[in-house]
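Some notes on the structure that comes next.
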Amino acid sequence: MHGRPRTAPKPEDSADSAAKAEKLRSLQSQFLSNHHNKIYTKEALEVNAKLLEINPEHYTAWNYRKLTVEHRLSESEPDPDSVKSILREELRVVESALKQNYKSYGAWHHRKWVLNKGHSSIDHEMGLLDRFQKVDPRNFHAWNYRRFVAALMNRSEVDELQYTTDMINTNFSNYSAWHNRSILLSNLLKTKVEGFFPKEKVLNEEYELVHQALFTDPDDQSGWFYHLWLLDQTVKADAPVLISSWPAHDSNLILSGDRCLDDCYLSAFNTFHSDSGKIPLILYFNQAVEGVNSSTISVESVFNTKGELSWKPLSTNNSETAQVWVTHLNYPEEKLHSSEAYPVEVRVGHSQGIISSSGFRYNQPSRFAFKVFVRSVEKDPAVHDGEMISWGDENFLLYEAPPQESNPLVSLDQLNIKDYHEQTSSMWRAETIANEIALFRELLSVISCKIGKLTLARLLVAHDTLLSPCAKKMVHSEEVIKLYSDLMKLDPPHFQYYKDEYSLVLLQQLTFSRESLLRYCFRHRDGASSFISNSICLRLNNLSLSRMGSIERLLWVQMLDLSHNELQSIEGLEAMQLLSCLNLSDNKLSSFTALGPLILLKSLKALDVSRNEIGLHSIDTTRYLCSSPLSHTEEIDWNRDEIVTGDVNLRNYWEAFLIFRGLHLTQLDIVGNAIADEKFKSFLVKIVPTLKWLDGGELH
Amino acid sequence: MDSSASQTPTVSQRDQWMVEHRIFQIYDFFGGLPRKAQSAMLELQRENHMEYLIKGLKRLEPSFSVLDANRPWLCYWILHSIALLGECVEPELEDNVVDFLSHCQDPNGGYGGGPGQMPHLATTYAAVNALITVGGERSLSSINREKLYMFLRRMKDPSGPFRMHDAGEIDVRACYTAISVASFLNILDNELVQNVGDYIVRCQTYEGGIAGEPGAEAHGGYTFCGFATMILINEANRLDLAGLLDWVAFRQGKECGFQGRTNKLIDSCYSFWQGGVFALLQRFHSTLDEQLALPHSGEGDCTNDSQKTGLNASCPVNLNSIGYNFIKQPAETEPLFHSLALQQYILLCGQDIEGGMRDKPGKGRDYYHTCYSLSGLSGCQYSSAEDEDSPPLPSAVMGPYSNLLEPIHPLFNVVLEKYYEAHEFFAMS
Numbered sequence: 006m007h008g009r010p011r012t013a014p015k016p017e018d019s020a021d022s023a024a025k026a027e028k029l030r031s032l033q034s035q036f037l038s039n040h041h042n043k044i045y046t047k048e049a050l051e052v053n054a055k056l057l058e059i060n061p062e063h064y065t066a067w068n069y070r071k072l073t074v075e076h077r078l079s080e081s082e083p084d085p086d087s088v089k090s091i092l093r094e095e096l097r098v099v100e101s102a103l104k105q106n107y108k109s110y111g112a113w114h115h116r117k118w119v120l121n122k123g124h125s126s127i128d129h130e131m132g133l134l135d136r137f138q139k140v141d142p143r144n145f146h147a148w149n150y151r152r153f154v155a156a157l158m159n160r161s162e163v164d165e166l167q168y169t170t171d172m173i174n175t176n177f178s179n180y181s182a183w184h185n186r187s188i189l190l191s192n193l194l195k196t197k198v199e200g201f202f203p204k205e206k207v208l209n210e211e212y213e214l215v216h217q218a219l220f221t222d223p224d225d226q227s228g229w230f231y232h233l234w235l236l237d238q239t240v241k242a243d244a245p246v247l248i249s250s251w252p253a254h255d256s257n258l259i260l261s262g263d264r265c266l267d268d269c270y271l272s273a274f275n276t277f278h279s280d281s282g283k284i285p286l287i288l289y290f291n292q293a294v295e296g297v298n299s300s301t302i303s304v305e306s307v308f309n310t311k312g313e314l315s316w317k318p319l320s321t322n323n324s325e326t327a328q329v330w331v332t333h334l335n336y337p338e339e340k341l342h343s344s345e346a347y348p349v350e351v352r353v354g355h356s357q358g359i360i361s362s363s364g365f366r367y368n369q370p371s372r373f374a375f376k377v378f379v380r381s382v383e384k385d386p387a388v389h390d391g392e393m394i395s396w397g398d399e400n401f402l403l404y405e406a407p408p409q410e411s412n413p414l415v416s417l418d419q420l421n422i423k424d425y426h427e428q429t430s431s432m433w434r435a436e437t438i439a440n441e442i443a444l445f446r447e448l449l450s451v452i453s454c455k456i457g458k459l460t461l462a463r464l465l466v467a468h469d470t471l472l473s474p475c476a477k478k479m480v481h482s483e484e485v486i487k488l489y490s491d492l493m494k495l496d497p498p499h500f501q502y503y504k505d506e507y508s509l510v511l512l513q514q515l516t517f518s519r520e521s522l523l524r525y526c527f528r529h530r531d532g533a534s535s536f537i538s539n540s541i542c543l544r545l546n547n548l549s550l551s552r553m554g555s556i557e558r559l560l561w562v563q564m565l566d567l568s569h570n571e572l573q574s575i576e577g578l579e580a581m582q583l584l585s586c587l588n589l590s591d592n593k594l595s596s597f598t599a600l601g602p603l604i605l606l607k608s609l610k611a612l613d614v615s616r617n618e619i620g621l622h623s624i625d626t627t628r629y630l631c632s633s634p635l636s637h638t639e640e641i642d643w644n645r646d647e648i649v650t651g652d653v654n655l656r657n658y659w660e661a662f663l664i665f666r667g668l669h670l671t672q673l674d675i676v677g678n679a680i681a682d683e684k685f686k687s688f689l690v691k692i693v694p695t696l697k698w699l700d701g702g703e704l705h
Numbered sequence: 002m003d004s005s006a007s008q009t010p011t012v013s014q015r016d017q018w019m020v021e022h023r024i025f026q027i028y029d030f031f032g033g034l035p036r037k038a039q040s041a042m043l044e045l046q047r048e049n050h051m052e053y054l055i056k057g058l059k060r061l062e063p064s065f066s067v068l069d070a071n072r073p074w075l076c077y078w079i080l081h082s083i084a085l086l087g088e089c090v091e092p093e094l095e096d097n098v099v100d101f102l103s104h105c106q107d108p109n110g111g112y113g114g115g116p117g118q119m120p121h122l123a124t125t126y127a128a129v130n131a132l133i134t135v136g137g138e139r140s141l142s143s144i145n146r147e148k149l150y151m152f153l154r155r156m157k158d159p160s161g162p163f164r165m166h167d168a169g170e171i172d173v174r175a176c177y178t179a180i181s182v183a184s185f186l187n188i189l190d191n192e193l194v195q196n197v198g199d200y201i202v203r204c205q206t207y208e209g210g211i212a213g214e215p216g217a218e219a220h221g222g223y224t225f226c227g228f229a230t231m232i233l234i235n236e237a238n239r240l241d242l243a244g245l246l247d248w249v250a251f252r253q254g255k256e257c258g259f260q261g262r263t264n265k266l267i268d269s270c271y272s273f274w275q276g277g278v279f280a281l282l283q284r285f286h287s288t289l290d291e292q293l294a295l296p297h298s299g300e301g302d303c304t305n306d307s308q309k310t311g312l313n314a315s316c317p318v319n320l321n322s323i324g325y326n327f328i329k330q331p332a333e334t335e336p337l338f339h340s341l342a343l344q345q346y347i348l349l350c351g352q353d354i355e356g357g358m359r360d361k362p363g364k365g366r367d368y369y370h371t372c373y374s375l376s377g378l379s380g381c382q383y384s385s386a387e388d389e390d391s392p393p394l395p396s397a398v399m400g401p402y403s404n405l406l407e408p409i410h411p412l413f414n415v416v417l418e419k420y421y422e423a424h425e426f427f428a429m430s
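Top to bottom, those sequences are chains A and U.
Numbering-wise, the working numbering comes out as the position in the first sequence, counting from 1, plus 5.
Numbering-wise, the working numbering comes out as the position in the second sequence, counting from 1, plus 1.
Quick look at the structure:
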């Protein structure tokens, strides 16, 4: 339908074209009459050929040809020469039809049909394709046909790759050629065809090729897309890896059955209170995986006696695949009051079954171990849940870690528990990225180009990530932050994207070392007397973050202050299973959908979302980007009686309902959002029966 | 780095520069005009468009003979354009169209490209959409739905997707036209839907868009077709939607129009194909929400045993009501593309002031581009309207408010009013 030649007729042509139309009409009616009367003579075929040469879109005419060919082949079965000549004629007709319109679906399809009959040769077809692909190198019909012929005739993928090289050398803007190249190379690398192993050598050559395109014209899109694909091939770890856990390896966890008093010789970072005697066990992988269960993960602990542990994916879209998985260890109540240490050992992936969403197996069995000290602490009768958390600055004192205290970050890097049998490959990665970095710095010193800056920033991040297990700090974070700051100014339409990337890098920088992290750790004055069991509050407020990241380093956090940022989403926060107090006030959260990850935070007690933009926009753009909590089909017990009361309009509030009904909040601050009128508040009180304080006021 | 490798621009670059140059000249000229003249330049030339369209419906110039196998398409492009302009054609002409399309209808179901031609899915889609656009008892009842259903079943490949015609090619277009027609005519069932989603998922590329067939490049037309199909069969969740959004967002060029594929020239027809993807995204999520939050009591138990594919598996949905529910939902979001910029491109660069629309400056007008430019323009104008009943704000309509076109149903690309009429008709019969 599209791309047909559209020339405005000139007056002198019109007589001519009227004659042509007349001729076409006559051919058409002859053809239809032949078709309907099942006339398959040579003359009839010629009429049909003439018709198709003028109008290749006539698919009925193509089908008629197929019928005729079948008919004639059944007549001349034993004679190979006449078979040949019949099929040769078909190829000729297709070819002249394609000359008329090389975008004709019917013509290309007819040719495939002929080839499936085992006619023609690869050279002949390649010759034909060369001609058509020269005329229009982006013609996707020709590219599709090319892939068809190559597969049918077993043309080597190496030769096809060479063809894309030739096409790119003629015109490096030809994205169709780059695209086909990525498909071919993926196959060649996967099957380790001779000359395409090791992958490192091949990819180096690809970098050289794409550099030529990028450096000749940095404004051309094609090369950059291919470069992005290449970078992905270079850095992506195929096999899933465990990158973090809670409790961390080698840590001493203090579990207290009762309120934990301010006990300064205990590690504040590793104290955890549980009324129920349950502690979460969290596994954080570098990518989404499936197959985490009691047969792929073994947990040895004296108290793990209640049979198999049940692992749950922390996923907001209800899939069986997730980057973070959680289970709970049970400590029998009677033991909670003794003071003993119980070692726990976790083995991951010793039996197969953990698979990434792209189909790669977890292949580096690893183990980590920690000790649980159960502390019996006398319950102070004066202390109960009856106090409200206050987030004011005056309640916080910078935390001064006792020198002997265990480092929250020590051994966070589970990377050191796997062995590096991929040494050479990872060295190559680092080296390649370093080369690219040098090259793009050079390019940017000559010209200023947005996509160049973005690529450099991505390369620097990739470089730091590759080196992170051994590095003391994020070497390039300052430079990356500067690049993203520049980009925000240079390219306002994509501001938000750069801002998000900026936030992630900033968070990496802040959480990377113990020293930097401790600058954000505070002690809350009420810590011991409220429902937070350790008194450390991580305060990442006022950093103009638009997105949360580096969560794999923050699994220990129970009290988190993210207020006065520019958060539009809290994706990823679902991994922070210990979180009991969360301050999200003064951000840019614009809907309850954006709070989706909270549904998975079962220990959350106090939440502050005041002064956000919930209800302000009828528009909810976060839904495009985050997985919606609504695809999360935890059973929805839509009991209308429960909530349909008075004039509350369900339709307006059901998003809030989905979020809050699963939480057991005792404290909620929601003031300063457009939605938070009296009607809404009374609705909240109904659906969150545990609520004691709403917007600072005590209920009941 | 060897930057002297080749300083000569490639053909694509030269073409791109020429297009940019030409378009920016137009915008510069426009920018220098006084306000009043600007407004005049942005005006949709309704009368001229009508004249051009009516002429095509009555008699086509001989140069259109290459479209002989696509005559229902011409009917649809022209009639739909007229309906978008809020105009009608004389009853006699309408009757002619209905008669003509009846001649194209195959005795065994489906519509061919012309009388006597074999039925084809694309022309079936065009014919059905054209007949719905004409509307009225005579037109709607001329469609033989039982036979058409049998035709669709015959076109379904055992592996799931559809063929364009008997022994024809399999691709995403075929899936869309088949599913769209079936949904429209209230004959969509599980047999037709089976494994279509698997095929379309295989067509989504690493870039995020959807290709015509597995292994090919992502392409605007197929991305619309693939995504719309997935919505109609309630499997859109299986696509990488973030990737899809990413891809389509980057297809709007600095010339303000959309390109169809990476590093191709922009073309006004993608105002609909790519712009339409945004329109779908805008309503897609709210539809999902609604199904989940308020399960209809008549639809049986909504148990959550099978959570494998998320929402879809857990809640049986009446396939034929998806299109209707879809449009009944409030669109909750602002457009995620630059709507005014696209309108500017369509009006200043795509419009032939003598009537008709074109691909880009320097090209000739044609009915295909007229149809899809106007469809895209309508999509832009309504892209900020919250629900189908509220007219868009003047600020959402580029140029004089009289440019406002009729709204469309974004899944089928039929004017909304006509959609409702047909929906009611086919729901009853």
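Here a beta-carbon is modelled for each residue, glycine too, at the ideal position from N, C-alpha and C.
{"Item": "Let me check understanding here. Comparing Cα to Cα, which of A:Phe685, A:Gly364, A:Ser490 lies closest to Ala244 (chain A)?", "Value": "A:Gly364"}
{"Item": "I'd like to know if Asn264 (chain U) contacts chain A, where contact means its C-beta is closer than 8 Å to some C-beta of that chain.", "Value": "yes"}
{"Item": "For Arg77 (chain A), count neighbouring Cβ atoms within 10 angstroms of its own Cβ and tell me buried if that reaches 16, exposed if not.", "Value": "buried"}
{"Item": "What does DSSP give as the partner residues of Phe401 (chain A) in its beta bridges?", "Value": "A:His529"}
{"Item": "Where does Glu91 (chain U) land, buried or exposed, given buried means 16+ other C-beta within 10 angstroms?", "Value": "exposed"}
{"Item": "Could you round the C-beta distance between Phe375 (chain A) and His254 (chain A) to whole angstroms and report it? I think they count as a contact, below 8 Å.", "Value": "7 Å"}
{"Item": "Quick check: what's the CA-CA separation for Lys47 (chain A) versus Val98 (chain A)?", "Value": "14 Å"}
{"Item": "Decide if Thr9 (chain U) is buried, meaning its Cβ has at least 16 other Cβ atoms within 10 Å, or exposed.", "Value": "exposed"}
{"Item": "Which residues in chain A have a C-beta closer than 8 Å to the C-beta of Met119 (chain U)? List them in chain order.", "Value": "Tyr64, Thr65, Asn68"}
{"Item": "Please decide whether Ser508 (chain A) counts as near chain U, where near means a Cβ-Cβ distance under 8 Å.", "Value": "no"}
{"Item": "Beta-carbon of Val135 (chain U) versus every beta-carbon of chain A: anything under 8 Å?", "Value": "no"}
{"Item": "How big is the Cα-Cα spacing for His355 (chain A) and Val510 (chain A)?", "Value": "34 Å"}
{"Item": "I'd like the list of long-range same chain contacts for Gly358 (chain A), defined as Cβ closer than 6 Å, with 5 residues on each side in sequence excluded.", "Value": "Gly296, Thr301"}
{"Item": "Would you say Tyr658 (chain A) faces chain U, with C-beta separation under 8 Å as the test?", "Value": "no"}
{"Item": "When the cut-off is 8 Å and only beta carbons count, does Ser101 (chain A) lie next to chain U?", "Value": "no"}
{"Item": "Alpha carbon to alpha carbon, how far is Leu584 (chain A) from Leu286 (chain A)?", "Value": "14 Å"}
{"Item": "What first and last residue would you give for the beta strand (DSSP E) that runs through Ser249 (chain A)?", "Value": "247-251"}
{"Item": "What do you get for Thr73 (chain A), buried or exposed, if any count of 16 or more other CB atoms within 10 angstroms of its CB means buried?", "Value": "buried"}
{"Item": "Is Asn71 (chain U) close to chain A, meaning its C-beta is less than 8 Å from at least one C-beta of that chain?", "Value": "yes"}
{"Item": "Any Cβ of chain A within less than 8 Å of the Cβ of Ala168 (chain U)?", "Value": "yes"}
{"Item": "Helix or strand or just coil, what does DSSP make of Asn335 (chain A)?", "Value": "strand"}
{"Item": "Should Met432 (chain A) be labelled buried (16 or more other beta-carbon atoms within 10 Å of its own) or exposed?", "Value": "exposed"}
{"Item": "Name the residue from U:Lys148, U:Ile409, U:Arg164 whose alpha carbon lies nearest to the alpha carbon of Met82 (chain U).", "Value": "Strictly speaking, residue 82 (chain U) in this sequence is Ser, with Met absent from that position. Nearest option by C-alpha distance: U:Ile409."}
{"Item": "I want to verify the contact list: residues of chain U whose CB lies under 7 Å from the CB of His184 (chain A), in sequence order.", "Value": "Glu218"}
{"Item": "Tell me which same chain residues have a C-beta within less than 8 Å of the C-beta of Ser143 (chain U), skipping the five on either side of it?", "Value": "Val99, Leu102, Ser103, Gln106, Leu132"}
{"Item": "So with CB distances below 9 Å, who are the chain U contacts of Leu180 (chain A)?", "Value": "It is worth fixing the name first, because residue 180 (chain A) is Tyr in this sequence and not Leu. Chain U residues near Tyr180 (chain A): Ser13, Glu218, Arg262, Thr263, Asn264, Lys265."}
{"Item": "Whose C-beta lies closer than 6 Å to the C-beta of Tyr231 (chain A) among residues of the same chain, with five residues either side of it excluded?", "Value": "Trp183, Val215"}
{"Item": "Of all the CB atoms in chain A, is at least one closer than 8 Å to the CB of Gly299 (chain U)?", "Value": "In this predicted model, Gly299 (chain U) has a pLDDT of only 35, less than 50, meaning its place in the structure is not dependable enough to derive any value."}
{"Item": "Identify whether Thr626 (chain A) lies in helix, strand or coil by the three-state DSSP scheme.", "Value": "With a pLDDT of 43 at Thr626 (chain A), under the threshold of 50, the modelled position of that residue is not reliable, and the figure given next carries that caveat. Of the three classes helix, strand and coil, the one that applies to Thr626 (chain A) here is coil, per DSSP."}
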